[in-house]
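**Q** The listed protein sequences correspond, in order, to chains L and R.
Here our numbering is used: the first residue of the first sequence is 95, the next is one more, and so on.
Here our numbering is used: the first residue of the second sequence is 95, the next is one more, and so on.
Once you've had a glance at the structure underneath, I'll fire off some questions.
There are 2 protein chains.
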Amino acid sequence: MVSVRADARRNRDRIVEVARGLFRAKGYDAVSMDEVAKAAEVGTGTLYRHFPTKEELYDAVLEAWADRVNGAVDRALSLDAPARERLLAWLRDFAGMLTEHKGAAARITAALGDASSPFAAKCQTYLGANERIIEGLASAVRPGVEAMQISRLVGGAAAVADSSDLSPDALASMLEIVADGLLVPEGANLADR
Amino acid sequence: MVSVRADARRNRDRIVEVARGLFRAKGYDAVSMDEVAKAAEVGTGTLYRHFPTKEELYDAVLEAWADRVNGAVDRALSLDAPARERLLAWLRDFAGMLTEHKGAAARITAALGDASSPFAAKCQTYLGANERIIEGLASAVRPGVEAMQISRLVGGAAAVADSSDLSPDALASMLEIVADGLLVPEGANLADR
DNA sequence: AAATATACGGAGAGTGTCTCCGTTTTGCAA
DNA sequence: TTGCAAAACGGAGACACTCTCCGTATATTT
Chain L
95 MVSVRADARR
105 NRDRIVEVAR
115 GLFRAKGYDA
125 VSMDEVAKAA
135 EVGTGTLYRH
145 FPTKEELYDA
155 VLEAWADRVN
165 GAVDRALSLD
175 APARERLLAW
185 LRDFAGMLTE
195 HKGAAARITA
205 ALGDASSPFA
215 AKCQTYLGAN
225 ERIIEGLASA
235 VRPGVEAMQI
245 SRLVGGAAAV
255 ADSSDLSPDA
265 LASMLEIVAD
275 GLLVPEGANL
285 ADR
Chain R
95 MVSVRADARR
105 NRDRIVEVAR
115 GLFRAKGYDA
125 VSMDEVAKAA
135 EVGTGTLYRH
145 FPTKEELYDA
155 VLEAWADRVN
165 GAVDRALSLD
175 APARERLLAW
185 LRDFAGMLTE
195 HKGAAARITA
205 ALGDASSPFA
215 AKCQTYLGAN
225 ERIIEGLASA
235 VRPGVEAMQI
245 SRLVGGAAAV
255 ADSSDLSPDA
265 LASMLEIVAD
275 GLLVPEGANL
285 ADR
């Protein structure tokens, strides 16, 4: 009983590789499954046996993301800079990863609360990353701020930037506003709130 | 010159009315044009002559919005409350209108920079409203904040809340973060309270 | 080499948006 | 009132998607 036939593995790998290229070039929505099948030189039936939905295919395309996400958190937290800069470094990376493939930010962000989504594992990674950020920045973060809120706010901003083809600068300026909303104001007395 | 035939006007009005009911009940994406045509008892050809795209139909469904938007601005600005409360009152109304029909927030927000969108006029209304808010709250708003940024941030948050079926409270808590990011931190400027 | 489990591939079902064009209705004019 | 263009109607169907079914081909085992 050999678990996986050799041709199956070969096809699967080629599909993922080809799909990654297409998604990167054209964005999620603009790539059809027929197109992926044709480019990978398999029948649509084969494609759909390996990946029952387009989202599951996309999930397979994003493989090393957990590492990349956690790496970005490490990098941001280890910066020798004020909390605002460290937070912004992370938010920019976070948003950057979400907008890496056109059309993906909205999808991934929408899956944040959905445990049955193919992206559920990725979402957990994001939530965990934002939890680490909250902990890492400690008292610089306003009390009551939750990882889910950060994920949703940044995901929402990234989705808008993505769908409107905003420049990285325009997105960054939105992230600055979010960052200011997340952090305790400098020099202000928090007890008032 | 009787520009419009009576049957045409009757059909158009009935289509808009029926479509509004369907969009409200099921959300933008879940309503098909065939469904609208059937419910309005016209052929699809008739539907499409009146509204060449689904978005144009949706635009016709949102008719009195300019007034509603400006009314919400007036109401918020005339509140006898701190700047943060007045801003939040507006943001909640703004987000509430965007999430009125499921699936609409993302579409409308994505159109913010697109002059050729059917929603362009609505977007201008929103931008103008946010400009009025910035002016109305005067020095309580952080310098450099633009109406477009507010529109996009709130639109993004509303789109996420919409696609994830968040509770109004969850959305409100996100808006509070945005509000804190938009306003000069308390203690730095008490004049406007 | 035969047998069997596994994978392949592509036609086509189902569902959308939107178009084309023959038919019907309407409003004006004689 | 009746006739006649112009305007509007309606629905079949083109086209694009995602995804399914199932007969055929291939890999692995014995």
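Think of the CB as a built atom: it goes at the ideal place given N, C-alpha and C, for glycine as much as any other residue.
Checking contacts by CB at 7 Å: is D123 of chain L closer than that to chain R?
**A** So no, D123 of chain L is outside the interface.
**Q** Out of L:I109, L:L151, L:F117, which one is the CA nearest neighbour of V136 of chain L?
**A** L:I109
**Q** Starting from the beta carbon of G230 of chain R, find every residue of chain L whose beta carbon is closer than 8 Å, and list them in chain order.
**A** Near G230 of chain R there are no residues of chain L at all, since even the closest Cβ is about 18 Å away, more than 8 Å.
**Q** Within 10 angstroms of the Cβ of V163 of chain R, are there 16 or more other Cβ atoms? Answer buried if so, exposed if not.
**A** buried
**Q** Between which two residues does the alpha helix (DSSP H) carrying K148 of chain L extend?
**A** 148-155
**Q** So which residues of chain R does R143 of chain L contact, with C-beta pairs closer than 8 Å?
**A** Correct list: empty, because the minimum Cβ distance to chain R is about 28 Å.
**Q** Residues in its own chain within less than 6 Å of G197 of chain R by CB, not counting five upstream and five downstream?
**A** G121, Y122, D123
**Q** Could you tell me the alpha carbon to alpha carbon distance between R201 of chain L and E150 of chain L, rounded to whole angstroms?
**A** 12 Å
**Q** Which of the three DSSP states, helix, strand or coil, is assigned to G275 of chain L?
**A** Of the three classes helix, strand and coil, the one that applies to G275 of chain L here is helix, per DSSP.
**Q** Using only the alpha-carbon positions, how far apart do Q243 of chain R and M268 of chain L sit?
**A** 6 Å
**Q** Does the Cβ of S245 of chain R have 16 or more other Cβ atoms within 10 Å, making it buried, or fewer, making it exposed?
**A** buried
**Q** Could you say which of R:A177, R:V278, R:V248, R:H195 lies nearest to G230 of chain R if we only look at CA atoms?
**A** R:A177
**Q** DSSP on V112 of chain R, reduced to helix/strand/coil?
**A** helix
**Q** From the DSSP output, in three-state form, read off V136 of chain R for me.
**A** coil
**Q** By a C-beta neighbour count over all protein chains shown, 10 Å radius and 16 as the cutoff for buried, is E280 of chain L buried or exposed?
**A** Exposed is the call here.
**Q** Based on the DSSP secondary-structure assignment, which residues constitute the bridge partners of V235 of chain R?
**A** R:L277
**Q** In the structure shown, what three-state DSSP assignment does V125 of chain R receive?
**A** coil
**Q** Report the neighbours of T193 of chain L on chain R: residues whose CB is nearer than 8 Å to its CB, in chain order.
**A** Correct list: empty, because the minimum Cβ distance to chain R is about 12 Å.
**Q** Taking only three categories from DSSP, how would you classify S258 of chain R?
**A** coil
**Q** Taking Cβ-Cβ distances shorter than 8 Å, what residues in chain R pair up with S257 of chain L?
**A** A200, T203, A204
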